[in-house]
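Residue numbers (my numbering): 19 to 427.
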């Protein structure tokens, strides 16, 4: 995979003469009409603003409320932080470089832009992997000691250190060059072209394929275990047990949706750079600039979805968003948030966040076209997220039934 921030000349190998890279960059001097750049700029800006606001809110919800400070949620904070930093320090600068084909930001920031994106993506996906591992231990091995706050911080620190090391070659070989009077930020690899390919393959395996495989296995085992669990015979114990299991199921479905969206958003980007790494002449194709802008847009959009997913599928985060935006209820309308309709006439608040939300008298979005279930529970009009969660529920149920069928043969 090529350097993240570079569109046109990121993976230049110094094969005998540096002139080759100059000729190649000169061949990719793309121009596009102003209206098209404006449309791209508006779309990218929307992603950046949504990501920064959403992820900042997620961090506040967890850190400002004591009962939300769990090991799992600390990993979610780490995930939100990496997404926030990716949006703030990479997306817009990368877009400007890709759309203008000129680097305006100096050599030091060139090195930073070749180092930080890989770091942020590594932190994001391994934070998700840490959540999967923590849930695996908690559900499959419930009698093992839970992660302490200190252990969680150590794991988060290790994730960042490994990410720094993995991205270091991109920073080390990054430099500024001039091409036909235009400044370029490129990565000039050593003479050995094979080292460049090996590095890119290693990065793709480490920040995409390997963690996705680990999470697939972990969540598959977790899902089969939860969906096959039997409640105790005693009525009171059964009700309490089913409540706990349902809460775990909801969280697992939420995180599986997060992982699926991350995988889908980044897949075209990785394919793009795999093809470019082995067949560099694709960068000279007529529409390659628009292809890159679209692929990069999809990848960067992954930074804004997680807060929306948490808000749609998790009651505590939904209450946190209500609390955070109580000063501007109009902001809640696009997310179709509605306070639960209580059976007793007052708002129920099972969690600390719900009690906070009730005390601040959060607005009820009566003008929206949302629905509530007969019991008054929130049902989102965001059909995509709910349908995805229902598909996950169906998948785990069918997997369990198939296993039972195989055992009966």
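Note that beta-carbon positions come from the ideal geometry of N, C-alpha and C, so glycine has one too.
Spatial neighbours of residue i within its chain, please: CB distance less than 7 Å, with the 5 preceding and 5 following residues excluded, ordered by chain position.
| i | result |
| --- | --- |
| residue 16 | Since the first residue shown for the chain is 19 and the last is 427, residue 16 is missing from the structure and cannot be characterised. |
| residue 306 | 300 |
| residue 281 | 230 |
| residue 323 | 279 |
| residue 317 | 283, 284, 287 |
| residue 109 | 62, 65, 66, 318 |
| residue 179 | none |
How would you label residue i, buried or exposed, when you count the other beta carbons within 10 angstroms and need 16 or more for buried?
| i | result |
| --- | --- |
| residue 95 | buried |
| residue 188 | buried |
| residue 288 | buried |
| residue 57 | exposed |
| residue 53 | exposed |
| residue 291 | buried |
| residue 345 | exposed |
| residue 166 | exposed |
| residue 172 | exposed |
| residue 202 | buried |
| residue 342 | buried |
Between the options, which lies nearest to residue i when the distance is taken from Cα to Cα?
| i | options | result |
| --- | --- | --- |
| residue 70 | 107, 239, 56 | 107 |
| residue 182 | 198, 132, 213, 201 | 132 |
| residue 102 | 233, 74, 169, 231 | 74 |
| residue 150 | 300, 277, 309, 55 | 277 |
| residue 200 | 269, 124, 173, 63 | 124 |
| residue 240 | 267, 49, 58, 118 | 267 |
| residue 193 | 238, 130, 226, 235 | 130 |
| residue 85 | 173, 342, 334 | 334 |
| residue 273 | 153, 51, 167 | 153 |
| residue 315 | 59, 50, 49, 51 | 59 |
| residue 104 | 164, 284, 66, 169 | 66 |
| residue 225 | 162, 341, 185 | 185 |
| residue 100 | 144, 265, 269 | 144 |
| residue 87 | 202, 303, 168 | 168 |
| residue 234 | 270, 260, 265 | 270 |
Please report the distance separating the alpha-carbon of residue i from that of residue j.
| i | j | result |
| --- | --- | --- |
| residue 331 | residue 207 | 45 Å |
| residue 61 | residue 319 | 10 Å |
| residue 92 | residue 142 | 13 Å |
| residue 89 | residue 80 | 11 Å |
| residue 263 | residue 209 | 57 Å |
| residue 237 | residue 174 | 21 Å |
| residue 42 | residue 337 | With a pLDDT of 35 at residue 42, under the threshold of 50, the modelled position of that residue is not reliable, and the figure given next carries that caveat. Rounded to the nearest angstrom, the two C-alpha atoms are 53 Å apart. |
| residue 327 | residue 195 | 42 Å |
| residue 212 | residue 329 | 45 Å |
| residue 214 | residue 295 | 8 Å |
| residue 117 | residue 204 | 16 Å |
| residue 297 | residue 311 | 19 Å |
| residue 309 | residue 140 | 24 Å |
| residue 177 | residue 50 | 40 Å |
| residue 126 | residue 191 | 12 Å |
| residue 114 | residue 128 | 13 Å |
| residue 111 | residue 119 | 11 Å |
| residue 68 | residue 325 | 9 Å |
| residue 72 | residue 217 | 33 Å |
| residue 161 | residue 155 | 9 Å |
| residue 265 | residue 197 | 58 Å |
| residue 313 | residue 163 | 43 Å |
| residue 293 | residue 227 | 17 Å |
| residue 170 | residue 261 | 27 Å |
| residue 47 | residue 83 | For residue 47, the predicted structure reports a pLDDT of 46, less than 50, and the residue's modelled location is therefore unreliable. A value from the coordinates is still provided. For residue 47 and residue 83, the distance between alpha carbons rounds to 51 Å. |
| residue 302 | residue 121 | 19 Å |
Can you confirm whether residue i, when its beta carbon is compared against all beta carbons of chain D, has any partner nearer than 8 Å?
| i | result |
| --- | --- |
| residue 108 | Here there is only one protein chain, and chain D is not present. |
Excluding the 5 residues preceding and the 5 following residue i in the sequence, name in chain order all residues of the same chain whose CB lies nearer than 6 Å to its CB.
| i | result |
| --- | --- |
| residue 77 | 95, 98 |
| residue 232 | 147 |
| residue 321 | 69, 101, 104, 105 |
| residue 55 | 117 |
task = Mind the definition here: the segment 214-225 touches the segment 120-140 only if three or more C-beta pairs lie below 8 Å; say whether that holds.
result = At 8 Å Cβ cutoff, the stretches touch.
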